[in-house]
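Here's the structure we're looking at; comments come further down.
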Amino acid sequence: MRRYLKMYRAYAKQYYLGQLQYKFATYSWLVGKILEPLIYLILWREIAVQNHGQVNGMTTNDVIAYYIILMVVNQFTFTDLIWKFSAYVNSGEFSSNLLLPAHPIHKDIAENIGYKLFSLPVILAAAIITSFYFHVAYDFTFSQILLFIPVLMAAFLFRFLFEWTISLSSFWFINMKGISSLYYILILFFSGRVVPLSMFPEQLQTLVEYLPFRYMVSYPIEILVSPGSTIPMGGVVNMAVWIIIIVFILNLFYKTSVKRFMGEGI
Amino acid sequence: MDLIKVLKSIVGINLLNELQYKGDFFIQFISVLLDFVLAILTVDIMFSQISALNQWNKVDILVLVGMYRIFVGIINVFTIPSLSALPGSVISGDFDYVLLTPVDSQFFTSMKEVRAWKLSDVILGLIFIIYIYATNELSFSLSNLIGALLMLICGGIIVACFYSIIASLSFWFNDVSNLLIIIPQCFEWAGKWPVTIFPGFLRILFTFLIPVGVAITLPTQALLNSINSSDVALTVGFCLLLILLSRIIWKMGVKRYSGASS
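For the record, the sequence lines run as chains A and B. So in the numbering used here the end of the first sequence lands on 266, straight run, no missing numbers. So in the numbering used here the end of the second sequence lands on 262, straight run, no missing numbers.
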């Protein structure tokens with residue numbers, strides 16, 4: 001356990017310092033992370049205002065709060081694994097990950113934490129500024145926050161494991177562009193970043209409850225901003241089941257995929 | 001006519017290269033179709049409550065979605081893949097080879113990579129717009145069509161020049177490749193919606209700094225209604241100005257370039 005802690009700290013710190021080194025690059029990436037929710041915030045707010053202060057059961061304030069919290073939650077659970085992994089496997093650099101005295105996923109988690117330590121403060125500052133700009137009122141209770149925190153952690157873990165599993169396809173396909181763009185479209189829409197899931201038509205609402213994407217971004221936000229102020233507790237069970245399923249698939253898929261790896265160079 | 005000859009062989013080489021990844025092409029095709037379906041769904045949900053968004057009704061927005069796809073297709077055929085490679089080649093010194101060819105360096109750098117299959121985006125966008133027009137029994141005149149085409153060409157040139165200017169910055173700064181990835185993404189976020197929706201600072205950002213508005217909103221307006229001649233004159237003027245500016249910045253940049261390798 002202490003060995004892992006040490007490893008996590010070392011990799012997180014290394015990655016954090018790496019981000020500091022390329023400040024311009026990392027900050028320019030963050031602009032996009034702020035712009036996307038901001039654009040949808042403006043769009044849905046405009047619709048709510050035109051529709052006498054509410055849209056599909058969400059008030060104007062709900063919509064604004066939803067997208068500001070989304071800005072933070074989406075960054076909290078974000079990974080760039082699919083792109084990074086494919087580059088590692090194709091270049092042969094993945095060999096060095098295999099030589100580590102631990103499962104290679106740990107290095108990736110640690111680096112992701114290092115990246116978040118750098119980027120989250122920036123996103124949080126943007127969220128606070130946006131909150132003041134739109135005069136949003138947050139009206140969640142202490143118990144909502146108490147539930148939000150573990151669910152957010154679980155969402156991070158789940159999205160990470162899920163995207164790591166998808167990244168394993170790099171062992172089978174040289175070119176991951178198609179798979180990553182398909183995945184990107186699916187997660188963008190079904191995790192509630194374009195349209196809040198509570199606004200989906202009814203048949204689709206039952207579908208998204210069973211799809212994995214809700215538990216990566218939308219579900220933690222739903223706990224804080226729940227239209228009709230009933231906290232959707234049912235999601236906890238679905239989320240737990242999904243995490244168990246993905247751990248199982250990850251192990252199986254990793255064992256079969258890694259055998260295909262053939263290191264080149266160096 | 002040497003340029004056309006060069007262009008022809010570039011297209012040929014790249015087509016062969018891209019055809020290696022047939023499965024990938026198929027998946028990307030499916031993604032674009034899925035993207036259309038989800039866009040229709042999004043617009044449906046948005047307009048279940050209101051009838052118009054800043055004078056844009058549901059059908060208008062759907063035409064805009066099609067126009068967005070056409071535009072993204074166009075800039076992804078040449079501009080984005082070619083110019084994205086510039087920062088890397090300046091750092092590694094591979095830019096030497098561009099300078100050594102007897103072809104104009106700016107032309108060659110902006111045309112070097114061709115993703116011919118991205119034209120499928122253009123075709124899908126076109127089919128989508130025709131579908132929307134047919135199902136909603138919209139009518140259009142020849143002047144609409146010419147106006148839209150003119151605006152689309154101007155928009156394409158504006159974005160290509162803008163992109164070239166940003167890429168040229170790599171002659172001065174260490175690595176601008178991140179900027180070159182973020183700009184196309186801004187098109188994705190902002191381009192699917194009429195630029196007139198956005199308030200003050202964002203509208204300025206998306207009109208001048210990242211010209212989404214000129215490139216996607218204006219051609220759509222030209223197709224749906226008609227645009228006034230002052231808008232056309234302004235766009236063409238802006239287009240010419242950017243061509244000149246990108247040329248000047250390119251020339252200045254190339255002068256600063258010092259081969260890194262060999």
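Idealized CB from N, CA, C, for every residue including glycine.
Original post:
When you compare only the Cα positions, how much space is there between Arg-247/B and Ala-160/B?
Top reply: 12 Å
Original post:
So, using beta-carbon positions, are Phe-140/B and Tyr-133/B closer together than 9 Å?
Top reply: yes
**OP:** Could you list the residues in the region 203-219 of chain A with a C-beta less than 9 Å from some C-beta on chain B, going in chain order?
**Re:** Leu-204
**OP:** Compare the C-beta of Phe-198/B with all C-beta atoms of chain A and state if any pair is closer than 9 Å.
**Re:** yes
Original post:
So which residues of chain B does Gly-178/A contact, with C-beta pairs closer than 9 Å?
Top reply: Tyr-21, Gly-23, Asp-24, Phe-25, Phe-26, Ile-27, Gln-28, Phe-29, Ile-30, Ser-31
Original post:
Could you give the distance in angstroms between the alpha-carbon of Val-217/A and the alpha-carbon of Asp-44/B?
Top reply: 23 Å
Original post:
If the cut is a Cβ gap below 8 Å, which residues of chain A does Cys-186/B touch?
Top reply: Gly-32, Leu-35
Original post:
Using Cβ-Cβ distances below 7 Å, what residues of the region 38-51 of chain B are close to chain A?
Top reply: Leu-38, Thr-42, Ile-45, Met-46, Gln-49, Ile-50
Original post:
Under a three-way DSSP split, which group does Thr-79/A fall into?
Top reply: coil
Original post:
In this structure, does DSSP put Gln-185/B in helix, strand or coil?
Top reply: helix
Original post:
In angstroms, rounded to a whole number, what distance separates the CA positions of Leu-273/A and Leu-179/B?
Top reply: Only positions 1 to 266 of chain A appear in the structure, and residue 273/A is not among them; the question remains open.
Original post:
On the three-state DSSP scale, how would you describe Met-111/B?
Top reply: helix
Subject >> Contact list for Glu-46/A against chain B, beta-carbon separation under 8 Å >> reply: Leu-53, Asn-54, Ile-197
Original post:
If we call anything under 9 Å between Cβ atoms a contact, is Gly-178/A one with Ile-27/B?
Top reply: yes
**OP:** Would you be able to state if there are at least three C-beta pairs under 8 Å between the region 120-136 of chain A and the region 206-224 of chain A?
**Re:** no
Original post:
Does DSSP classify Val-32/B as helix, strand or coil?
Top reply: helix
Original post:
With burial defined as no fewer than 16 other Cβ atoms inside 10 Å of the residue's Cβ, what is the status of Ile-149/A: buried or exposed?
Top reply: exposed
**OP:** Could you tell me whether the Cβ atoms of Leu-168/A and Phe-85/A are closer together than 9 Å?
**Re:** yes
Subject >> Given Phe-142/A as reference, the closest of His-103/A, Ile-231/A, Leu-38/A, Gln-19/A once Cα atoms are compared >> reply: Ile-231/A
**OP:** Show which residues of chain A have a CB atom less than 8 Å away from the CB atom of Ile-340/B.
**Re:** This structure cannot settle anything about residue 340/B, because the visible part of chain B is limited to 1 through 262.
**OP:** Taking the CB atoms as reference points, tell me whether Tyr-219/A and Val-151/A lie closer together than 9 Å.
**Re:** yes
**OP:** Please state whether DSSP places Trp-164/A in a helix, a strand or coil.
**Re:** helix
**OP:** Using alpha carbons as the reference points, say which of Ile-61/B, Cys-186/B, Tyr-21/B lies closest to Ile-129/B.
**Re:** Ile-61/B
**OP:** Give the range of the alpha helix (DSSP H) segment to which Phe-206/B is assigned.
**Re:** No alpha helix (DSSP H) contains Phe-206/B, which DSSP labels as neither H nor E.
Original post:
What's the C-alpha gap between Met-46/A and Lys-259/A?
Top reply: The amino acid occupying residue 46/A in the given sequence is Glu; Met does not appear at that position. Those two C-alpha atoms are separated by around 53 Å.
Original post:
Straight-line CA distance for Tyr-21/B to Ile-82/A?
Top reply: 18 Å
Subject >> Environment of Tyr-88/A [buried if 16+ CB atoms lie within 10 Å] >> reply: buried
Subject >> N-terminal and C-terminal residue of the alpha helix (DSSP H) that Tyr-210/A is part of >> reply: 202-210
Original post:
Between Gln-19/A and Asp-80/A, what straight-line distance do the alpha-carbon atoms span, to the nearest angstrom?
Top reply: 14 Å
Original post:
Given that Ala-190/B touches chain A, what residues does it touch there, using C-beta distances under 8 Å?
Top reply: Leu-35, Ile-39
Original post:
Is there at least one Cβ from chain B nearer than 9 Å to Leu-224/A's Cβ?
Top reply: no
Subject >> Runs of alpha helix (DSSP H) lying entirely within the region 52-80 of chain B, each at least 4 residues, in chain order >> reply: 58-77
Original post:
What residues are listed by DSSP as bridge partners for Gln-54/A?
Top reply: Thr-59/A
Original post:
DSSP on Gly-92/A, reduced to helix/strand/coil?
Top reply: coil
Original post:
Does the beta carbon of Trp-193/B come closer than 9 Å to any beta carbon on chain A?
Top reply: yes
Subject >> Spatial distance of Ser-180/A from Lys-58/B (CA atoms) >> reply: 30 Å
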